[in-house]
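Q: Quick one: the structure is below, questions incoming.
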Amino acid sequence: MTPLRLLIAVLALAFAVLIVWAIGTGTFSEAGAWLVSEPWGLVSMADLYLGFLLSSTVIFFFERRWWVAALWIFPIPFLGNVWTAVWFVLRLPEMARRLGRT
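Sequence positions in the sequence shown follow my numbering and run 1 to 102.
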């Protein structure tokens with residue numbers, strides 16, 4: 001379990017670094033305009049938000065208190081899958097226990 005948590009944490013950190021690099025070197029408005037003007041850009045955005053919805057659903061049903069779930073779910077559209085990865089790193093042992101995979 002620990003190696004998987006470590007892998008997710010390293011990938012989340014690498015992704016966060018990639019985001020910071022993109023912010024520092026790219027122009028978000030130009031990239032966003034291109035993204036929504038291309039069919040595969042729209043597919044990518046739909047895929048991204050479907051992933052947000054699916055991860056939010058998992059979080060909603062996993063967390064025992066609705067307000068804790070809301071605190072985890074609300075930032076997802078803004079912080080993206082880096083935030084989801086943090087949730088997985090923290091909750092993976094409990095998820096494995098509940099699923100009988102300890």
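Built from N, CA and C at the ideal position, the CB exists for glycine as well.
Closer than 8 Å by C-beta to M45: which residues in its own chain qualify, once you throw out the five before and the five after it? Chain order, please.
A: For the purposes of this step, residue 45 is taken as residue 45 along the sequence shown, with counting starting at 1. Closer than 8 Å at Cβ, skipping near neighbours: L35, V36.
Q: DSSP state of G100, grouped into three classes?
A: Taking the first residue of the sequence shown as position 1, residue 100 is located at position 100. Reduced to three states, the DSSP call for G100 is coil.
Q: State buried or exposed for I73, treating a residue as buried only when at least 16 other CB atoms are found within 10 Å of its CB.
A: By 1-based counting over the sequence shown, the position of residue 73 is 73. Answer is buried; the Cβ neighbour count reaches 16.
Q: Pull up the distance between the alpha-carbon of M68 and that of P75, whole angstroms please.
A: Here residue 68 is taken as the residue at index 68 of the sequence shown, counted from 1. Here residue 75 is taken as the residue at index 75 of the sequence shown, counted from 1. What sits at residue 68 in the sequence shown is Val, not Met. Cα to Cα, V68 sits roughly 12 Å from P75.
Q: CB F52 to CB R91, shorter than 9 Å?
A: In the sequence shown, residue 52 corresponds to position 52, counting from 1. In the sequence shown, residue 91 corresponds to position 91, counting from 1. Contact flag unset, no.
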